[in-house]
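Just below is one structure, and these are the notes that go with it.
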Amino acid sequence: MKAMWQKAYGVLSDAHEAEDACQEAFIKIIRIVDEIRDVEELRTKALCCIIARNTAVDMARKRGHALPTEDVYLDLEAEEPQGESPEDRVIAAEGVEEIRAAIGRLPEHYREVLILRCLYDMKAEEAAGILGINANTVNIRLSRARRLLKEELSKGAGERQSAE
């Protein structure tokens, strides 16, 4: 899967290492294949990308590589904003971009939980399994992520009002 390789490459910055990470990720995916309901679902794609990314992060740490700071989840395909007119679509797209940017500014451990739970509609237990933490920690991080996201979006709204 091209998206998995891209996530691994985003961490490792080496094509061969990214391929190795994807191979290891596929082995991990095979172990949970019975839990995958629909291979065409966006949630499944996200799960595979997250596993590839986490595998690449593990490889990078073992090899002493520096880890990237940018988010590797937020660039998955998003639905086009829908509206009644071109102006509505532009306004919706700007809102989506503002939310995406605010999520990108969250600390990674909050960002991951927020994306898994809210964007991909995973249960706390599912997200916990992917991230290697317990479900209670997922719920705590989600609560904190939502609060921080609300603060980020409020700051943005305040800056726009003062600019007007």
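Each residue of the sequence shown is one higher than the one before, starting from 2 at the first, in this note's numbering. Glycine included, every Cβ here is placed at the ideal spot set by N, Cα and C.
- By the Cβ neighbour-count rule, Ile28 is exposed, with fewer than 16 other Cβ atoms within 10 Å of its own.
- Considered as a whole, the region 104-151 harbours 109-115 and 125-132 as its complete alpha helix (DSSP H) runs of no fewer than 4 residues, in chain order.
- Taking C-beta atoms as the reference points, Leu13 and Ala4 fail to come closer than 8 Å.
- Tyr111 is a Cβ neighbour of Ala146, given a cutoff of 8 Å.
- Under the criterion of beta carbons closer than 8 Å, Ala26 and Ile52 qualify as touching, at roughly 5 Å.
- By the neighbour-count criterion, in which a residue is buried when 16 or more other Cβ atoms sit within 10 angstroms of its Cβ, Ala128 is buried.
- If you look at Val34, you'll find it isn't in any alpha helix (DSSP H); DSSP assigns it neither H nor E.
- In the displayed model, Gly65 falls within coil according to three-state DSSP, outside both helix and strand.
- Here Leu143 is not near Ala103, since their CB atoms are 8 Å or more apart.
- Taking C-beta atoms as the reference points, Met2 and Cys49 count as a pair closer than 8 Å.
- Just so you know, the alpha carbons of Ala22 and Leu154 end up roughly 35 Å apart.
- If the five residues before and after Met60 are omitted, its C-beta is found closer than 6 Å to the C-beta atoms of Ala22, all from its own chain and listed in chain order.
- Contact annotation: Lys8 and Arg54 have beta-carbon atoms nearer than 8 Å.
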